[in-house]
């Protein structure tokens with residue numbers, strides 16, 4: 000009896016010591032990951048000229064989003080699986096929001112690019128230099144074009160060459176049409192060609208390209224909506240069945256076969272949504 004008690008005390012003490020060593024390690028690791036994520040997100044927001052966010056606010060968002068969504072999932076569905084899924088969503092939703100803002104901003108810049116090129120061409124035709132034409136773009140065009148070309152001018156005034164400034168701009172926006180604009184400007188400066196004529200032809204090419212893309216988007220709209228509806232239907236059906244008779248889900252969760260079936264269904268649903276999204280994806284920027 001004494002030997003069993005000694006073994007129990009020894010095991011318990013070992014577990015406590017391991018916990019005291021392991022918990023600070025994982026906590027510090029988690030904080031380090033969070034700090035890197037917050038710093039990266041802050042840089043991305045600054046690149047999008049969203050300057051109102053402070054790192055303290057980002058810390059609260061990334062820290063409490065999993066807790067809040069996990070708690071809401073448990074309160075709504077009363078099962079631990081919903082809490083886990085809610086917490087997982089809380090981890091990824093802030094990042095997805097930032098990615099969405101980045102895509103929206105890039106799309107807006109792309110739609111303004113043709114007007115930007117025409118403004119550059121008309122400014123050059125009246126005798127302005129390229130830098131003066133860019134200044135006109137900064138003054139006349141709305142954001143994000145004015146912001147990005149304003150940053151280009153600031154870099155140039157600080158001593159960065161125009162070639163490197165355009166390279167930085169193409170890295171930030173990563174658009175094919177913008178790459179063509181930068182290449183046309185740099186080549187015309189080196190060879191001495193008629194830059195206004197080149198820019199007008201480039202604007203005409205972008206216009207025709209937009210027409211084709213808009214037509215393709217219209218033709219694929221029905222297929223995309225069908226994919227979205229098909230992806231959502233299983234989730235809606237599962238929620239409806241749970242509201243009608245929660246015992247059905249409890250039966251699935253109480254057996255190993257049921258758990259395996261739910262995991263298989265979840266993985267299949269995710270794969271199906273990714274495939275539908277991939278097949279119906281239309282690049283329009």
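In this note's numbering, the protein residues as written are 0 to 284. We put the beta carbon where it would ideally sit given N, CA and C, even for glycine. Since this is a predicted model, take the numbers as computed values, not measurements.
Proximity below 8 Å, CB of residue 136 to CB of residue 115:
Here residue 136 is near residue 115, since their CB atoms are less than 8 Å apart.
Whose C-beta lies closer than 6 Å to the C-beta of residue 248 among residues of the same chain, with five residues either side of it excluded?
Answer for residue 248: 241, listed in chain order.
Answer with buried or exposed for residue 147, where buried requires no fewer than 16 other C-beta atoms within 10 angstroms of its C-beta.
Buried is the call here.
Under DSSP, the alpha helix (DSSP H) around residue 226 begins and ends at which residues?
Run containing residue 226: 194-243, per the alpha helix (DSSP H) assignment.
Own chain partners of residue 107 with C-beta closer than 7 Å, once the 5 adjacent residues on each side are dropped
Hits under 7 Å: 143.
Taking three-plus beta-carbon pairs below 8 Å as touching, is the stretch 86-103 in contact with the stretch 39-49?
These segments touch.
Is the stretch 58-66 in contact with the stretch 220-239, if contact means three or more CB pairs nearer than 8 Å?
Too few Cβ pairs lie closer than 8 Å, so no.
Under a CB-based cut-off of 8 Å, is residue 147 close to chain C?
Reference to chain C is not applicable here, since this structure consists of a single protein chain.
Note down, in chain order, each residue of its chain lying with its Cβ closer than 8 Å to the Cβ of residue 306, except the 5 sequence neighbours on either side.
Nothing can be reported for residue 306, as the shown portion of the chain is limited to 0 through 284.
May I ask you to report which of helix, strand or coil DSSP gives residue 66?
Of the three classes helix, strand and coil, the one that applies to residue 66 here is helix, per DSSP.
Is the stretch 124-136 touching the stretch 215-225 in the sense that three or more CB pairs, one from each, lie closer than 8 Å?
With a cut-off of 8 Å, the stretch 124-136 and the stretch 215-225 do not count as touching, because too few Cβ pairs lie within range.
Alpha carbon to alpha carbon, how far is residue 245 from residue 68?
When rounded, the distance between both Cα atoms is 21 Å.
Would a C-beta distance cut-off of 8 Å place residue 185 and residue 201 closer than the cut-off?
Not in contact: residue 185 and residue 201 (Cβ atoms no closer than 8 Å).
Using three-state DSSP, classify residue 121 as helix, strand or coil.
Here residue 121 sits in helix by DSSP.
Can you give the Cα-Cα distance for residue 119 and residue 149, rounded to whole angstroms?
It is roughly 14 Å from the alpha-carbon of residue 119 to the alpha-carbon of residue 149.
Does DSSP classify residue 157 as helix, strand or coil?
Three-state result, residue 157: coil.
On the premise that residue 164 lies in contact with residue 175, defined as a C-beta separation below 8 Å, what is that separation, rounded to the nearest angstrom?
The C-beta distance from residue 175 to residue 164 rounds to 19 Å, too long to fall under 8 Å, and the pair is not in contact.
Find out if the Cβ-Cβ distance for the pair residue 104, residue 205 is shorter than 8 Å.
In this structure, residue 205 does not lie closer than 8 Å to residue 104 by Cβ.
Assigned exposure category for residue 109 - 16 Cβ within 10 Å defines buried
Residue 109 comes out buried.
Residue 272 (DSSP reduced to helix, strand or coil)
The DSSP-derived three-state label of residue 272 is helix.
Might you give, ordered along the chain, the residues of its own chain that have their beta carbon closer than 7 Å to the beta carbon of residue 183, omitting 5 neighbours on each side?
By the criterion of a C-beta distance shorter than 7 Å, residue 183 is surrounded in its chain by 197, 198, 201, once the five residues flanking it on both sides are discounted.
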